[in-house]
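S.K.:
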Amino acid sequence: MASIILLSVLGIANLFLGFLRSNRMLLPAAMVILLIVFGANVYDWNAPAQSYFNKMLTIDRFSVAFTGIVVLTTLLLLPFSQKYVRDNEANLAEYYSLLLFSLVGAIMMVSYDNMLMLFVGIEILSISMYVVAGSDKRNVRSNEAALKYFLMGSFATGILLFGIALVYGATGAFQLSEIGTAVTNPANDSLRPMLYIGILLMLIGIGFKVSAAPFHYWTPDVYEGTPTFFAAFMSTVVKTAGFAAFLKLLVQAFPAAQDFWIPTIVAMCALTLLIGNVGAVAQQSVKRMLAYSSISHAGYLLIGLVAFNGQLSGLSANGIFFYSLAYSIATVAAFGVLKLVHDQRQREDYDGLNGLARTNPLLAFVMTIAMLSLAGIPLTGGFFGKFFLFGAAVDKGYIGLVVFAVVMSMVGIYYYLRPIIAMYMKPADDDVATPIAVGSFQSAVLFVLALLTVALGVLPGLVSGIL
Amino acid sequence: MEQTIPEVIRTVPLQYYVFFATALFAIGVTGVLTRRNAIIIFMCIELMLNAVNVLLTAFSAYRADPNGQVFVFFIMAVAAAEVSVGLGIIVMIYRNFQNTDVNLLSRLKW
Amino acid sequence: MQELVLPNYGAPYSTLLYVLIPLLPFLGFLINGLLNKRLSATVAGLIGSATVLGSFLISIYLFTTFERQYTVQLFDWITVGSMRIPFQYQIDQLSLIMLLLVTGVGFLIHVYSIGYMAHDENVGKFFSFLNLFIFSMLVLVLGANFVILFIGWEGVGLCSYLLIGFWNKNHDYNNAAKKAFIMNRIGDLGFLLGIFLIYLTFDSIQYAEVFQKAALSQFGPYTVSILTAITLLLFVGAMGKSAQLPLYTWLPDAMAGPTPVSALIHAATMVTAGIYMVLRANVLFTLAPATLEVVGIIGLATALFAATIGLAQNDIKKVLAYSTVSQLGYMFLALGVMGYTSSLFHVLTHAFFKALMFLGAGSVIHAMSNEQDIRRMGGLRKALPITFLTFFIGCLAISGIPPFSGFFSKDEILAHTYEHSKLMWAVGLFTAFLTAFYMFRLLFLTFFGEFRGTEEQKHHLHESPASMTLPLIILAILAAVGGFMGAPMFLGGKHYLADFLAPIFTYSRQINPGAFTGEIDHSTELMLIGASVAAGVLGIIFAYVQYISRGVRPVSDEAQRSAPESLVYHKYYIDELYNALFVRPIMGLSRGLYRFVEQGIIDPIVNGLGRLTLGGGYLLRYVQTGTIGVYLILMVVGIVLILALNFGKF
Amino acid sequence: MLTALLLFFPLAAALLLHFVKGKAGRVFAFGAALLEFLVAVYAAITFNASNTGQLEVNLPWIASAGISFHIGMDGLSLLLVLLTTFLVPLILLASFRHDYKNESAFYALVLFMQTGLIGVFTSMDAFLFYFFWEVALIPIYFLAGIWGGERRVAVTFKFFLYTIIGSLFMLAGFVYLYYQTGPAANGLAAHTSDLQAFYNLSLTAAEQSWLFWLIFIAFAVKMPIFPFHTWQPDTYTEAPAPATMLLSGIMLKMGIYGCLRWLLPITPLGVSQWGWLIMILAVIGIIYGAIIAIRQRDMKRLIAYSSLSHVGLMAAGVFSLTQMGLQGAVVQMLAHGVNVVGMFFIADIIQRRTNTRLIPELGGLTQTTPLLSVSFLVVLLATVALPLTSGFVGEFLLLAGVFQYNNWLGAVAGITIILGAVYLLRMFQRVMLGPATAFTAAFRDLNGAELAVLVPLIVMIFWIGLFPNTFLQMSEPSVIRILSLMQR
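Protein chains in written order, with this note's numbering: chain B, 50 to 516; chain F, 117 to 226; chain V, 54 to 703; chain L, 188 to 675.
1. Does the distance from the C-beta atom of ARG540/L to that of ARG631/L stay below 8 Å?
2. With LEU298/L as the anchor, note down where its alpha helix (DSSP H) starts and where it stops.
3. How big is the Cα-Cα spacing for PHE283/L and LEU267/L?
4. Mind checking whether LEU154/V and PRO75/V have CB atoms under 8 Å apart?
5. Quick one: residues in its chain with C-beta nearer than 6 Å to the C-beta of GLY382/V, no 5 flanking neighbours on either side, listed in chain order?
6. Please list, in chain order, all residues of the same chain as MET292/V whose beta carbon is under 6 Å from its beta carbon, the five residues on each side excluded.
7. Taking C-beta pairs closer than 7 Å, name the residues in chain F that THR666/V reaches, listed in chain order.
8. I need the DSSP call for GLU56/V, collapsed to helix, strand or coil.
9. On the three-state DSSP scale, how would you describe ARG333/V?
10. In chain order, what residues of the same chain have a beta carbon less than 6 Å from the beta carbon of ALA347/B, not counting five sequence neighbours either side?
11. Assign LEU698/V to buried or exposed, taking buried as 16 or more other Cβ atoms, counted over all protein chains shown, within 10 Å of its Cβ.
12. Considering only the alpha carbon of each residue, which of ASN85/V, GLY81/V, LEU110/V and MET521/V lies closest to LEU70/V?
13. Nearest CA to the CA of VAL214/L: which residue from THR190/L, ALA295/L, LEU198/L and ASN235/L?
14. Kindly indicate if chain V contains any beta-carbon less than 8 Å away from that of PHE361/L.
15. Please look up how many angstroms separate the CB atoms of ILE681/V and LEU200/B, rounded, as I've assumed it's under 8 Å.
16. Interface residues of chain B around ARG668/L at Cβ under 9 Å?
17. Taking all protein chains shown into account, do 16 or more other C-beta atoms lie within 10 angstroms of the C-beta of PHE703/V, making it buried, or fewer, making it exposed?
18. If we cut at 8 Å on Cβ distances, does MET164/F have a partner in chain B?
19. Spell out whether any CB of chain V is found under 8 Å from the CB atom of PHE590/L.
20. Quick one: list the residues of chain V neighbouring GLN510/L, beta-carbon separation under 7 Å, in chain order.
21. May I ask you to report which of helix, strand or coil DSSP gives VAL690/V?
22. In this structure, how does DSSP classify TRP248/L when only helix, strand and coil are distinguished?
23. Does the distance from the C-beta atom of LEU620/L to that of THR556/L stay below 8 Å?
24. Give me the residue from ALA393/L, GLU425/L and VAL408/L with the minimum Cα distance to TRP461/L.
25. Secondary structure at GLY253/L, three-state DSSP: helix, strand or coil?
26. Does any C-beta atom of chain L lie closer than 8 Å to the C-beta of VAL455/B?
Set out below in structure tokens:
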């Protein structure tokens with residue numbers, strides 16, 4: 050709870066800092082705020098589960114863990130906004146505050162107990178994202194991204210709400226636990242079709258937010274158009290919070306109906322894997338490839354939902370947690386490097402990375418680690434992420450799906466190798482031969498990102514079973 | 117005979133509300149699908165949200181549970197926020213393109 | 054099955070002595086090899102010869118003090134489960150004879166080489182290879198099991214390869230060397246498979262154990278068919294090494310090597326390894342009569358076939374090479390008819406006279422400045438008296454003229470053959486006639502008549518130095534009198550060799566006593582002797598008439614020949630046949646597999662999977678049109694689909 | 188702890204190498220590798236061949252999942268560790284002759300790879316094994332991809348994808364096995380991935396039948412066995428010489444080792460069901476590789492195909508399920524490692540001096556290079572399995588094993604000794620013998636550094652050839668154990 054309050058209050062404080070017109074202070078301030086929040090969050094770890102706001106929010110280990118991921122991700126992402134600081138971006142304070150506020154939304158999504166909080170959390174997060182997607186106001190691509198995201202996101206919100214309404218109609222409750230009991234109540238059998246349609250619509254609504262196929266269409270376009278820094282935020286924080294919310298919903302509200310919704314999730318999962326991976330293969334832009342890859346990772350995370358065990362702990366929850374963590378860190382690293390490259394070389398295609406290993410060994414190294422992690426190669430966190438998720442699904446007997454996922458991850462290796470090839474094995478063109486200036490702080494953060502990824506890959510036991 | 121609002125609502129059978137809301141929602145969706153002007157699409161989305169509001173209110177009234185109506189308030193509030201952001205975006209688009217036809221915006225693809 | 058008792062007598066001398074036999078030549082190899090160009094030619098030659106002489110002396114010592122056979126354990130080489138392959142020597146009558154032959158003749162040829170190779174730039178290398186050969190050959194004959202035999206077997210093959218291609222700037226020589234190695238390897242594969250089958254059958258590869266088991270259970274668990282398979286496989290090995298049909302074509306080509314090499318390896322020692330191996334395994338062969346029949350027929354066929362080719366060759370060394378093939382055929386014929394001792398007898402006498410003739414040929418070539426074509430020789434007996442005389446003795450010996458050594462051994466073989474089959478005897482006799490003819494053709498064309506070479510060559514003609522003539526003389530003496538180690542009974546002689554070797558054939562004698570005791574009466578024996586002498590003399594007379602009286606000279610390569618003549622002259626086109634049957638198809642296959650299977654099937658399948666994915670990716674792009682309207686429609690389609698698909702469950 | 192030291196020391200050295208600049212890096216790397224070799228030798232000396240599984244380290248790794256950091260060595264592992272630690276210093280030394288850009292990264296990757304390889308050979312936990320299996324792949328990918336020839340990008344790309352795809356199947360198999368196991372030894376987790384637990388599983392024939400393929404494909408691609416080999420000739424050809432040596436000398440053995448350690452004992456019924464097919468594929472590979480090698484124009488490619496042929500024989504020996512076949516495979520792994528590294532090194536020397544690897548452009552080298560000729564000849568003879576050299580012992584036992592499995596297959600496999608002579612002598616003749624060409628006219632003989640690489644290799648060639656029992660005895664208990672596990 051402390052994190053929500055701190056973020057809200059300090060977010061406003063940060064906004065006020067903007068009045069000082071001193072961009073230099075903003076970044077450290079934002080990072081300090083996040084550090085404090087992270088600390089407060091960690092402090093909550095050992096506290097007993099606690100409900101707030103008339104049982105609308107529950108801070109338990111599950112929420113603390115996922116809050117940890119989103120806060121940490123943001124913390125590690127922030128340094129890559131240094132260019133905004135340097136360029137004296139006029140609205141920097143607003144952007145930072147938007148990120149902080151959206152984190153509040155994310156935290157609400159991972160700790161809600163009531164549909165209302167879910168809705169509010171999603172909207173806080175989404176609306177902030179609509180704004181930042183279009184933050185590069187004079188860039189038509191950014192404009193387009195914002196509009197696409199906004200229109201489609203609102204549309205999906207409508208679907209989600211309709212679903213919530215139907216579920217409410219069928220069960221008479223917004224409280225997850227009450228819905229859970231009501232679903233099992235035979236008295237409600239006559240309303241079952243309404244409930245089921247409601248569940249499906251909710252799945253679709255949240256599925257859109259986590260860019261699961263066939264509701265993923267926005268993802269590549271929006272990620273591509275959104276400034277890289279914010280795209281990184283979208284593909285990590287939004288996705289992590291989305292999956293935590295998804296899991297929470299299914300575990301606490303609809304465990305009794307699992308026979309009904311699991312086939313749908315399985316189908317979505319397979320389709321998402323297929324589209325994400327196969328789509329990424331044909332891309333020429335690294336950023337767009339990462340967008341498709343984020344779709345494919347949604348697919349892998351859906352496997353965690355397929356391996357549903359009715360608890361917020363155990364293989365499924367732990368798998369999703371570990372995967373989200375590893376994925377977020379690797380994605381931040383990838384986008385971070387990409388942003389630095391883009392800032393200097395103005396390119397986001399594969400060839401823009403050519404010869405990076407020669408000019409900036411650190412960037413190339415971090416990018417490589419990130420790619421290997423996303424591809425799920427051992428020694429990186431991504432491997433164990435996939436490992437735990439696939440293991441959970443195998444444990445539940447979804448061998449066919451896992452085999453398909455494995456095949457798809459083979460496809461994944463294909464496109465994740467391309468940046469590595471560009472960086473290490475291709476000579477730099479003339480226009481990209483100059484080294485990219487990377488501040489020592491950014492270098493340190495990059496190193497930390499790589500280190501964390503490797504640490505997760507070598508000692509997954511540190512966080513693998515904590516839920 | 118003075119009736120409370122819930123009682124007034126309950127004079128119509130629940131199914132009607134559901135059908136009505138669904139129809140409204142469907143109209144909204146159809147609008148979203150068929151129109152090309154960003155503002156109108158957005159308005160259609162608002163229509164969808166309102167359909168939800170109707171539905172929630174009806175359920176709330178029938179179940180004598182205020183939560184549903186509270187939810188409606190939240191939806192309205194959030195919708196307001198969405199409108200402000202949405203209009204901002206559309207204005208931005210209009211400034212750059214002198215147009216709000218959504219299908220003109222297809223630079224980002226594949 | 055009877056209890057298996059293996060005699061295990063300790064060696065009478067320190068192991069070092071036995072180690073030294075092959076080790077001395079090996080040291081020579083190392084010294085000459087490592088100090089290659091730093092040693093003068095003579096020093097290198099002396100080191101090479103001295104080491105072999107050392108081995109020869111030890112061998113003599115062992116021979117003279119020999120009482121009964123024993124084994125010498127050096128170390129355990131390979132041990133896997135029941136497959137135990139110790140590095141062990143077996144000292145018995147057979148290995149001693151072979152030791153003497155290899156080191157004795159080897160030493161003479163080393164000495165000869167000092168003179169012959171004096172002007173070569175790589176004398177050190179030459180002697181080191183020669184020493185290595187002696188080493189391998191000694192391992193071959195000393196080994197106490199089939200695998201040690203195989204070590205030497207492959208080792209001599211290697212040395213043969215190295216020495217044939219000694220002048221490696223010339224690709225023809227290199228090709229000859231390669232051909233020798235590869236054809237030998239074909240035989241080796243058979244040998245190796247034979248060893249495996251022996252192991253699987255007898256659970257051992259030690260001579261003593263295998264032979265005893267085989268002999269004791271004559272009608273026991275080892276069926277004749279398995280033994281036939283084993284012996285046939287072993288014989289395939291022997292065919293390769295001893296240049297029998299159809300694996301003989303490498304031997305004539307092997308004449309590309311320096312002449313002492315031809316004398317040592319391709320006449321006296323290595324090519325007789327096949328005979329040695331069959332003699333070693335005589336128990337197994339005796340137990341498999343069908344194989345013996347095959348051995349005999351192939352031997353006879355080879356003898357005749359090679360002899361006919363020998364008739365038309367014009368290269369002095371090629372004639373000798375085909376004669377070697379032919380004589381090896383004789384030896385196999387002897388094995389096939391179970392004349393085991395006779396076969397070894399012929400190995401020995403052949404080693405003497407054939408080494409002699411090769412060295413003599415070397416002397417001629419030396420004198421003629423590397424000219425090998427007998428059409429450009431003639432009348433050399435005046436310029437090279439010692440060479441001529443010794444060569445003449447060799448010719449008499451190989452033609453089977455008494456009392457020269459060849460007469461005794463060849464006569465014995467023919468006698469055994471006669472007992473076995475009259476037809477085979479007749480063919481053998483005819484071959485003897487051919488042999489005498491082409492050998493004397495060679496002699497007459499080379500040493501008699503007019504000199505047909507260039508003036509320069511004529512001017513250059515000279516007798517070879519002492520280091521070369523001395524071995525010739527010694528070998529000539531051996532070729533002349535060597536036969537008396539096995540003189541026929543009726544001449545009052547004592548068959549020393551047969552008596553000495555008898556223990557080697559103990560088991561065989563038990564299994565098939567008839568083949569050993571079958572005495573033939575004196576009149577038949579006399580008739581046989583008469584026939585073989587007559588064949589030899591007739592051959593000489595024919596040659597004399599043709600090449601001395603009528604003065605016929607071989608025609609040039611391009612001259613018109615009648616069809617049979619042409620066939621013989623072109624060696625029955627066997628090389629061409631092999632080329633068409635094996636070499637070219639394999640070469641074609643190599644290219645074909647690479648082009649069509651490797652690059653045409655396997656690669657495309659793998660790459661195709663990749664392209665398929667890529668294609669899928671490009672296909673997906675058509676869905677991602679970038680238009681919000683389309684996306685929204687697709688989303689709604691998705692929603693409707695999901696609802697519709699779940700409809701049944703509502 | 189010795190095993191852990193062996194495992195992590197190269198890694199530590201690789202990390203430290205980052206701080207060593209310039210030419211000192213190569214010396215540092217070489218020193219580290221040499222030290223590592225000495226440690227391995229010490230381990231071998233103190234090793235007690237009568238036992239299985241020694242020098243174990245068993246720590247919880249992912250305790251919640253029953254996955255432990257369990258390493259240890261039996262004779263089989265030790266031999267391969269020895270091979271690795273023996274070859275890596277030589278490979279480093281061999282690469283000194285090249286001035287690679289960004290040298291220390293190059294050497295660090297080699298050392299990093301060493302850790303991966305040793306990990307593969309010592310892991311006693313399925314997931315740890317898989318982990319190292321992939322870890323070994325990453326550095327070689329970079330080595331080949333960065334410092335390789337012209338077509339390196341496409342070729343290494345294919346190599347990486349192909350091998351990793353193969354190994355994912357293995358992972359899938361392991362995951363399945365993992366869920367079949369009972370509670371972990373420490374009771375913390377429901378399942379365990381310990382090797383012994385996998386051995387103890389009782390799987391049905393049907394399960395083993397498909398598990399066999401899942402696991403085998405990874406090994407088949409890595410070896411590679413026909414027809415999974417298409418990555419191999421290209422990769423061997425395009426990779427820089429040291430990477431090719433690592434690939435062919437050590438990495439190839441991972442597949443054989445995997446079969447011995449993980450495939451045979453875990454899915455004996457699968458092996459008995461499919462073994463015949465693998466035997467046939469292996470034998471096809473033997474002949475196929477040898478025949479294709481005959482007409483190759485590129486030395487490295489020729490050696491690559493010869494390697495395919497040789498590895499086919501090793502696989503055939505393994506699947507013959509005879510003690511001779513298995514022991515033969517073990518010895519041949521060592522022998523082939525030594526031989527093929529020698530071959531590639533010599534090919535590299537020739538290429539570096541003449542700027543060509545094309546056989547038709549070479550010739551006549553013996554005239555000026557006694558040392559090179561002798562070295563080449565020795566390595567070549569070892570490769571054609573001449574007795575008393577390293578190649579013979581393995582090939583003899585392997586062929587004997589295959590022959591014991593099936594006489595006809597043994598006979599067909601045996602053709603390799605003929606074809607091997609054909610293609611190798613053909614190459615030797617065209618490269619070394621005959622008249623010199625424009626490329627080879629000014630050829631210098633070996634220098635000291637090159638001799639320093641070749642002499643140890645040649646010593647090993649004769650050691651293995653003369654005293655194979657040194658190695659056979661080490662691996663015998665392991666091999667017997669594997670065979671007895673197959674009988675259960």
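Every residue gets a Cβ at the ideal spot worked out from N, C-alpha and C, and that includes glycine.
These figures come from a predicted structure and were not determined experimentally.
M.R.: Per the coordinate set shown:
1. As a first step, residue 540/L is located in the fourth sequence; it is residue number 353 there, counting from the start. As a first step, residue 631/L is located in the fourth sequence; it is residue number 444 there, counting from the start. For ARG540/L and ARG631/L, yes; Cβs fall inside 8 Å.
2. Position 111 of the fourth sequence, counting from 1, holds the residue named residue 298/L. It spans 290 to 309 - the alpha helix (DSSP H) in which LEU298/L sits, taken as one unbroken run.
3. For this step, residue 283/L is matched to residue 96 along the fourth sequence. For this step, residue 267/L is matched to residue 80 along the fourth sequence. Each residue's Cα considered, the two are about 24 Å apart.
4. Start at 1 with the first residue of the third sequence, and residue 154/V comes out as number 101. Start at 1 with the first residue of the third sequence, and residue 75/V comes out as number 22. In this structure, PRO75/V does not lie closer than 8 Å to LEU154/V by Cβ.
5. On the third sequence, residue 382/V is found 329 positions in, with the first residue counted as 1. GLY352, THR355 and ALA356.
6. Here residue 292/V corresponds to residue number 239 of the third sequence, with the count starting at 1. Correct list, in chain order: GLY240 and LEU300.
7. Counting from 1 along the third sequence, the entry for residue 666/V is found at position 613. Per Cβ cutoff of 7 Å: no residues; THR666/V is ~16 Å from chain F at best.
8. For this step, residue 56/V is matched to residue 3 along the third sequence. Note that GLU56/V scores a pLDDT of 45, beneath 50, so its modelled location is shaky; the value from the coordinates is reported in the next line. Reduced to three states, the DSSP call for GLU56/V is coil.
9. Counting from one through the third sequence, the residue named residue 333/V turns up at place 280. Helix, per DSSP.
10. Sequence index remark: in the first sequence, residue 347/B carries index 298 (1-based). VAL259, SER260, ALA261 and THR321.
11. The count along the third sequence starts at 1 and reaches residue 698/V at position 645. Per the 10 Å Cβ criterion, exposed.
12. As a working mapping, residue 70/V is identified with position 17 in the third sequence. Per the Cα distances, LEU110/V.
13. Working through the fourth sequence from its first residue, we reach residue 214/L at position 27. That would be ALA295/L, whose Cα lies nearest to the Cα of VAL214/L.
14. Numbered from its first residue, the fourth sequence carries residue 361/L at position 174. Answer no: the Cβ-Cβ gap between PHE361/L and chain V never drops below 8 Å.
15. Position 628 of the third sequence, counted from the start, is the residue given in the question as residue 681/V. Position 151 of the first sequence, counted from the start, is the residue given in the question as residue 200/B. Yes, ILE681/V and LEU200/B are in contact; Cβ-Cβ is about 6 Å, under 8 Å.
16. One-based indexing of the fourth sequence puts residue 668/L at position 481. Annotation: ARG668/L has no Cβ neighbours in chain B at a cutoff of 9 Å; minimum Cβ distance is about 28 Å.
17. For the purposes of this step, residue 703/V is taken as residue 650 along the third sequence, with counting starting at 1. The residue in question, PHE703/V, is exposed, as its Cβ has fewer than 16 Cβ neighbours within 10 Å.
18. Working through the second sequence from its first residue, we reach residue 164/F at position 48. Yes, MET164/F lies at the interface with chain B (some Cβ there is under 8 Å from its Cβ).
19. The residue labelled residue 590/L in the question sits at position 403 within the fourth sequence. By this cut-off, PHE590/L is an interface position.
20. For the purposes of this step, residue 510/L is taken as residue 323 along the fourth sequence, with counting starting at 1. Those within 7 Å of GLN510/L in chain V are VAL133 and GLY134.
21. Working through the third sequence from its first residue, we reach residue 690/V at position 637. Here VAL690/V sits in helix by DSSP.
22. Here residue 248/L refers to the residue found at position 61 when the fourth sequence is read from its first residue. Here TRP248/L sits in strand by DSSP.
23. Position 433 of the fourth sequence holds residue 620/L. Position 369 of the fourth sequence holds residue 556/L. No.
24. Working through the fourth sequence from its first residue, we reach residue 461/L at position 274. Residue ALA393/L is the option with its Cα nearest to TRP461/L.
25. On the fourth sequence, residue 253/L is found 66 positions in, with the first residue counted as 1. GLY253/L: coil per DSSP, three-state reduction.
26. Working through the first sequence from its first residue, we reach residue 455/B at position 406. By this cut-off, VAL455/B is an interface position.
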